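Protein chains in written order, with the numbering used here: chain A, 1 to 389; chain B, 1 to 389; chain C, 1 to 389; chain D, 1 to 389. All residues carry an ideal CB built from backbone N, CA and C; glycine is no exception. Please read all numbers here as calculations on a predicted model, not as lab measurements. Here's the structure we're looking at; comments come further down.
4 protein chains.
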Amino acid sequence: MINGERTIERPLRWGMIGGGRTGQVGYKHRTGALRDGTYQLIAGAFDLDAERGRDFGTKLGVADDRCYATYQDLIAGEAGREDGVEVVSIATPNFTHFEITKACLEAGLHVICEKPLFFTVAECDEVAALAASKGLIVGVTYGFTGHPLVHQMAAMVAKGMLGEIRIVDMAYTHGFNSGDDDSADAVKWRTNPKTAGPTFVLGDIGTHLYYLSEVVLPHLKVAKLLCDRTAFIPSRAPLEDHATVLMHYDNGARGRLWVSSVDAGNMGSQRYRFVGSKASVAWSDTHPDQLVYQVQGEPERILHHGMPYLEDESLACDRMGALHTEGLGDSWANIYLWIAEAIDAAERDDEAFLKNHHYPGIAAGTEGVRWLETCVRSADAGSAWVDFE
Amino acid sequence: MINGERTIERPLRWGMIGGGRTGQVGYKHRTGALRDGTYQLIAGAFDLDAERGRDFGTKLGVADDRCYATYQDLIAGEAGREDGVEVVSIATPNFTHFEITKACLEAGLHVICEKPLFFTVAECDEVAALAASKGLIVGVTYGFTGHPLVHQMAAMVAKGMLGEIRIVDMAYTHGFNSGDDDSADAVKWRTNPKTAGPTFVLGDIGTHLYYLSEVVLPHLKVAKLLCDRTAFIPSRAPLEDHATVLMHYDNGARGRLWVSSVDAGNMGSQRYRFVGSKASVAWSDTHPDQLVYQVQGEPERILHHGMPYLEDESLACDRMGALHTEGLGDSWANIYLWIAEAIDAAERDDEAFLKNHHYPGIAAGTEGVRWLETCVRSADAGSAWVDFE
Amino acid sequence: MINGERTIERPLRWGMIGGGRTGQVGYKHRTGALRDGTYQLIAGAFDLDAERGRDFGTKLGVADDRCYATYQDLIAGEAGREDGVEVVSIATPNFTHFEITKACLEAGLHVICEKPLFFTVAECDEVAALAASKGLIVGVTYGFTGHPLVHQMAAMVAKGMLGEIRIVDMAYTHGFNSGDDDSADAVKWRTNPKTAGPTFVLGDIGTHLYYLSEVVLPHLKVAKLLCDRTAFIPSRAPLEDHATVLMHYDNGARGRLWVSSVDAGNMGSQRYRFVGSKASVAWSDTHPDQLVYQVQGEPERILHHGMPYLEDESLACDRMGALHTEGLGDSWANIYLWIAEAIDAAERDDEAFLKNHHYPGIAAGTEGVRWLETCVRSADAGSAWVDFE
Amino acid sequence: MINGERTIERPLRWGMIGGGRTGQVGYKHRTGALRDGTYQLIAGAFDLDAERGRDFGTKLGVADDRCYATYQDLIAGEAGREDGVEVVSIATPNFTHFEITKACLEAGLHVICEKPLFFTVAECDEVAALAASKGLIVGVTYGFTGHPLVHQMAAMVAKGMLGEIRIVDMAYTHGFNSGDDDSADAVKWRTNPKTAGPTFVLGDIGTHLYYLSEVVLPHLKVAKLLCDRTAFIPSRAPLEDHATVLMHYDNGARGRLWVSSVDAGNMGSQRYRFVGSKASVAWSDTHPDQLVYQVQGEPERILHHGMPYLEDESLACDRMGALHTEGLGDSWANIYLWIAEAIDAAERDDEAFLKNHHYPGIAAGTEGVRWLETCVRSADAGSAWVDFE
Ligand SMILES: NC(=O)c1ccc[n+]([C@@H]2O[C@H](COP(=O)([O-])OP(=O)(O)OC[C@H]3O[C@@H](n4cnc5c(N)ncnc54)[C@H](O)[C@@H]3O)[C@@H](O)[C@H]2O)c1
Ligand SMILES: NC(=O)c1ccc[n+]([C@@H]2O[C@H](COP(=O)([O-])OP(=O)(O)OC[C@H]3O[C@@H](n4cnc5c(N)ncnc54)[C@H](O)[C@@H]3O)[C@@H](O)[C@H]2O)c1
Ligand SMILES: NC(=O)c1ccc[n+]([C@@H]2O[C@H](COP(=O)([O-])OP(=O)(O)OC[C@H]3O[C@@H](n4cnc5c(N)ncnc54)[C@H](O)[C@@H]3O)[C@@H](O)[C@H]2O)c1
Ligand SMILES: NC(=O)c1ccc[n+]([C@@H]2O[C@H](COP(=O)([O-])OP(=O)(O)OC[C@H]3O[C@@H](n4cnc5c(N)ncnc54)[C@H](O)[C@@H]3O)[C@@H](O)[C@H]2O)c1
């Protein structure tokens, strides 16, 4: 049970790049970071529009002179200060992640970056090496994996309650791009390979599915996959607004994954089903407080967050307690907390802690990019099976 | 609204082959056929065990001397009578369908046969020709397509309420074969290619999905497909207990279909989602009285069977009226009624009626087998894309 | 598992009074009675409009000369025949039930009558005495209590799985009378005390709730109750379109019951919740195939009809088997079957069978009327508490 | 859309009384208050156990010397400081609310107090007068009414989308006190009239229902009510663990409300249904992001939070945006924000703002206590109807 008690010595001095007034994801970062007193927002380059960014930042309580016009200014301006930022979150369009991350790391700052992390695995590897050499943390905001019942699923799988895993079924679909008007700010860059990278929906929403499956099934590895992607709105090609991925895991399990932004009217968001030889679990981020657990031949069970019958791993990250709903903000708060703990440990050179500490870091970010690269490789080969390397 | 009033002149004289006391599907035939006074059960070869079949038949009210030991006896015995059967339902394991159907047609009987109809398209074509030459009907008991809301979906698609169809998502999964004990009567023959034919779950449950999609989307044709099948219980190979099929339709739509009998604990049965450029509909046979209709950008709508706002095609086949649940038996009753009307028209040589009358007949049965053949072809080619011919 | 095998020697010769082409409930009687070959429909006085009734009856397969103009004609006409009807169902407006039932019993016919049975307990007692003296059965079509999961609840309560019963919560509400147009045939008589009796929604739908609670909780007796009723459409007064009833049971349990036909837009129909000191069960006729079972401190459980883990009492009356939906027609089929078995036993003077055989009979019909009388007594006393005698 | 931008000049200096490490509700206060940078937690008397309170407070980031042993110490200690607290939240057992509130107000502090506010209306009036005389705000943490869809319902009612209100149906039930062990800290004081006040579940959870109905239906007033309460665990008497309240509103509408802590296994928490002459809305805090809207004769509609089709009042307080879940913490954040805005206006003597500003204040707290007093009056009169004055 998380109660707001600080698990690290003092709040981290935190800055944001992007996530401005009109940005979609910025509030999620702030509501996540500011929950437990582990981060203090003291600087930002919030917006491409510097004036709007400054106005916004001051409304967030950031001092006027620490609302910077560009991320370069932020790095430079904070570098000179005793009380300068230690960690920076990057909530800007995909194509800027690599450049900004490198610059921050080089300036000695820890980084919390949005997904999809970068465009290529090569970029990931370069950044991983850089971060390692500097002793800095790179966190990735796979924001849905802080929900306590995700960790319940992982614990149940680990205990063998499902038996041998056979089937992985995942979907993240919505219909907000059913029409062909891509002129909105947050859509324009997503549908252009220059700014979005090699994928649209696979990277935009599919990486959430893939990472969550890694959290629940850490021992399973994809052996080969097939990706069938298409753009129902032709102007989006070569990027896709709809894709299906089939996966064969190394233990013989089969996976299927569906992502779409033209699934007209769907408000169901993410759906996960993990099937084992004995039982299954099913979870959706839409109703994150409940988990369906089905043992073949027994009544279906619905587990509720915060209840004493849950595994310790789940109760440990519960915030509201049974009967009281948790939302996406609570999940992000956990992610930010875990990253803060990693940063704190890195600062203390506490290798032992870091070894056993779970948070979405550079490895998880890299795996996501590797999966995207493989999907594109398959799609480009005519939606053919390709090995996952 | 169906009220029990007979739409044909008199009840058809009906016999059953298979569907005995221990058979899984027999009661569905009887509850469907006997609902509206359109069929009278007067003869049967219900069981491989002749004695049990006779005992069972008499308990159903069939005269002792018309409970036959074999289907050959039934055909012979009834042939000699003024009041002999006119139509026979076949509810036996798959491998017997072809032989029994041919024998019945040759004896001048209409046939209502279980799915999957036969093992090969060649067999289907042969039977189609035979039936046509004799002026006889072959109905196929795709028993889920009698539900009124299936016809609501079809009418909505036809009226363009969904826009251009883009995505077809279907699944029929359960977990009753999660374990490896295949010794039960109804499982043994299903997991053996000699008795089941070229597929297990694809034919056993997948054909229901495929046929229902044809009812809802008659204008869409599969252009190519890819089938990935596996047997999690190795003794079932080369047959599959789990399969995923990806489909490309001729209009560019994408389909995915999942069938499994090792989806441990799943009681959700069938799920359908048809997505268009404007809106989607979603339906499950588990809650057949409600239909989810989602127009992008508008509140989700849930439509209930029997309500005046539905399309005429749906209200026409409603039986219980709004607020009162319909079950699978009501759906079967519609299927049997529609087949009776076809038989009646065939007897009256009413070509005009038959032209516009919708029921699952030999063409639908053949398409199901063609789809299975194509799935196997793809699977055998290493789960590769193959054209649908 | 019910398989269609006849549990009585031969089909009963059956007639219907009311339930004509435009009647709301007639099809439910026929679909229930004709399911298992236990009834044969051979006569009827289906309609106030004799001509329409005759036309309708012949379309149901009844011989022209046995489609009578009035129930008196039916009784007279059938009396003279060797093969005359033995049992008659009454599906006419409430005010006719008493007169028709008496006439049929006096003519030596078993009766299956709609609810609410009569207007007064005194009438019920008179009919009960008459039926007893003649050795005839009076069944009452509380058609929702044939669902297998209703009997699952009863069995669970009986086994003590819920602990001591504390709370009974029931509702049957819809909004079909939200507007003030009461001109439709089936509404006009319902909103007039001359034809409906002392209540509208309490009798029309409330009696279903009350009877089902008796089936599940046979050992609980209402000690006192309070009824608060109102007519939101004033022209319906003194009858009610909305009522709440509070009940104190003799064991200290508390009940509340809500009926309304002005619950605008509600398609949820009936909801039941039975709470004990250890656990609760909840069921709705809208999704009759599933039962929610909640043990305090454990995950919620959802039980599905037809599954082997259910109690014998539930499996015994299952028709479709697990995964395949049952509807209201299946429930009615069970009710009709149980009444047929009672009639058969009465004909055989099998007192022992009748003693242990459960079906909704004259006692259940009488209890319903007693409950209505008590509700009206409370309402008339200013919605005050009154003893249930 | 709330984005974290401060709507008041600077964060309020905030202290907490109660809500310590073991307290149930403390985290909800902190997660609500600390979300938008409108409060800064700088002092506290968190716990009856002073040492544990101090340890806890410092872990929350409060300076050691501002973690006080008692609320009296807090008032005294902060009074002396330039930077002393301006507003204090009271999250202690009910019996302490009155005394602590008065002391804080007398010390010139704004107060945010838990519900049920006090034991009697007389106490409420006394405090209201005191607060008014000092120009101070008293907020009450009816924490569920910050959910955006609550305000959607209110806006729909106000626009007449439901027609004239007829029926109010509310329930808040759980089963956590099904057993008879009341020894847990947070249960012990709740089941004792000395510490809980005149009610247990009516005050503990029923006041949430009643206040939310006031938010949605501000124009409806209760004219009379009847309360039937009982203690299934006898040691809880005279307090109740289960109660039903019937209400007649001044416009003729009927209400019913159910509260229970012995509803074994129920995880559904709160359910609301508001029925009008044309349509209904239904909402549960368990799935706060969706609202069922049912127009009689039309398909049911499900509205999702954050969607553009919602009313402005709802979108104005949305935090996460469509598809992303909000939880109880987001609702509390809104409540705390609105109270902060009231305090800020009070500090600025901005009467005009306060006149139109909606937040749960002393009037709402008083109404809740008045409702409880009336319920007890009814119950004590033998569950009789009493006027609501
Ligand atoms: N983790 C999640 O759940 C989640 C959700 C949404 C978006 N995202 C990711 O977050 C990132 C941002 O997405 P979005 O939807 O918020 O985009 P957006 O277009 O809505 O907002 C981008 C914001 O970044 C600012 N910005 C752009 N370039 C900048 C620069 N060079 N310097 C400073 N500020 C700059 C813009 O002014 C704007 O405020 C993307 O990588 C996206 O994939 C993640
Ligand atoms: N339409 C549907 O929804 C549905 C559902 C279940 C089964 N089926 C199909 O129905 C058929 C039967 O399946 P089932 O599950 O009932 O099988 P089953 O093994 O449970 O029952 C088969 C029945 O046929 C009898 N039988 C076998 N061979 C016979 C013969 N030569 N002559 C007479 N009787 C014979 C058996 O004695 C038994 O009563 C299969 O083709 C299956 O695919 C369809
Ligand atoms: N058990 C249930 O679930 C259920 C459901 C609906 C109605 N009911 C009950 O069924 C009864 C009929 O209700 P309904 O809604 O079908 O009414 P309705 O008005 O729709 O139909 C009544 C039918 O009875 C016929 N009829 C009327 N008087 C007759 C007479 N004297 N002789 C012969 N026929 C006559 C009418 O022509 C019509 O066909 C009522 O008692 C009602 O309470 C029960
Ligand atoms: N708004 C809501 O949703 C909600 C939810 C739960 C509780 N509550 C209300 O909150 C209040 C507290 O309930 P709870 O369940 O947290 O109780 P609790 O018994 O769990 O916790 C009470 C806390 O207050 C502290 N405390 C008690 N007396 C104190 C005093 N004199 N000075 C300082 N600290 C003191 C205790 O040490 C403990 O930390 C009650 O009035 C209750 O009705 C409201």
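Per DSSP, the unbroken beta strand (DSSP E) holding C:V295 starts and ends at Q290 to V295.
Shown here, B:R229 sits in a strand according to DSSP, grouped into three states. If you keep only unbroken beta strand (DSSP E) runs of at least 3 residues inside the stretch 154 to 213 of chain D, you get 165 to 173.
For A:R13, the beta-bridge partners assigned by DSSP are A:Q40. In terms of Cβ geometry, B:L212 and B:M247 do not form a close pair [threshold 7 Å]. When DSSP states are grouped into helix, strand and coil, B:V216 belongs to the helix group. Three or more beta-carbon pairs separated by less than 8 Å are not found between the stretch 157 to 177 of chain B and the stretch 349 to 363 of chain B, which leaves the two stretches without contact. In this structure, the straight-line span from the alpha carbon of C:V25 to that of C:T173 is close to 18 Å. For D:F118, the closest C-alpha among the options D:G175, D:F56 and D:V140 is that of D:V140. The three-state secondary structure of C:R348, taken from DSSP, is coil.
Put simply, the stretch 68 to 79 of chain B touches the stretch 37 to 54 of chain B. At least three CB pairs are less than 8 Å apart. The beta-carbon distance between D:I8 and D:D289, rounded to whole angstroms, is 27 Å. This is too long to meet the 8 Å contact definition. Counted as a single uninterrupted DSSP element, the beta strand (DSSP E) harbouring C:V275 occupies residues S269 to G276.
Secondary structure note for B:C113: its beta strand (DSSP E) is the uninterrupted segment H110 to C113. Looking at the DSSP output, D:E78 sits in no beta bridge, so it has no partner there. Residues of the stretch 142 to 168 of chain B that bring their beta carbon within less than 8 Å of a beta carbon in chain A comprise L162, G163, R166 and I167, in sequence order. Annotation for C:G139: the continuous beta strand (DSSP E) segment containing it runs V138 to V140. When C-beta distances to chain C are compared with 8 Å, the residues of the stretch 299 to 318 of chain A below that value are P299, E300, R301, I302, L303, H304, M307, P308 and Y309, in chain order. At the C-beta level, B:N334 and C:Y27 stay beyond 7 Å of one another. Shortest gap from the CB of D:E114 to any heavy atom of ligand 1: 6 Å or more.
Here C:A322 carries a coil assignment [DSSP, helix/strand/coil].
The DSSP-derived three-state label of B:R21 is coil. Along the stretch 269 to 281 of chain B, going in chain order, the ones with a CB nearer than 7 Å to a CB of chain A are V275, G276, S277, K278, A279 and S280. A distance below 7 Å between beta-carbons, with the five flanking residues on each side excluded, links A:A253 to the following residues of its chain, in chain order: I165, R166, I167, V168 and L220. Chain B has a Cβ within less than 7 Å of the Cβ of C:G37.
Across the set D:L48, D:V376 and D:A69, the C-alpha of D:V376 shows the shortest separation from the C-alpha of D:R229. For chain D, the residues of the stretch 232 to 246 of chain C that bring a beta carbon within less than 8 Å of one of its beta carbons are F232, H242, T244 and L246, in chain order. Setting aside the 5 residues that flank it on each side, B:S284 is surrounded in the same chain by G268, S269, Q270, R271 and Y272, each with a C-beta closer than 8 Å to its C-beta; the list follows chain order. Contact between B:A223 and B:F388 holds: CB atoms are separated by about 6 Å, below the 8 Å threshold.
Residue environment: C:N251 is assigned as exposed (fewer than 16 neighbouring CB atoms within 10 Å of its CB, all protein chains considered). Residue range I362 to D380 is occupied by the alpha helix (DSSP H) that includes D:G365, with no beta strand (DSSP E) assigned at that position. Look at D:Y71: its beta carbon is less than 6 Å from one of the heavy atoms in ligand 4. From the listed residues D:T286, D:I302 and D:H287, the smallest Cα separation to D:Y293 is found for D:I302.
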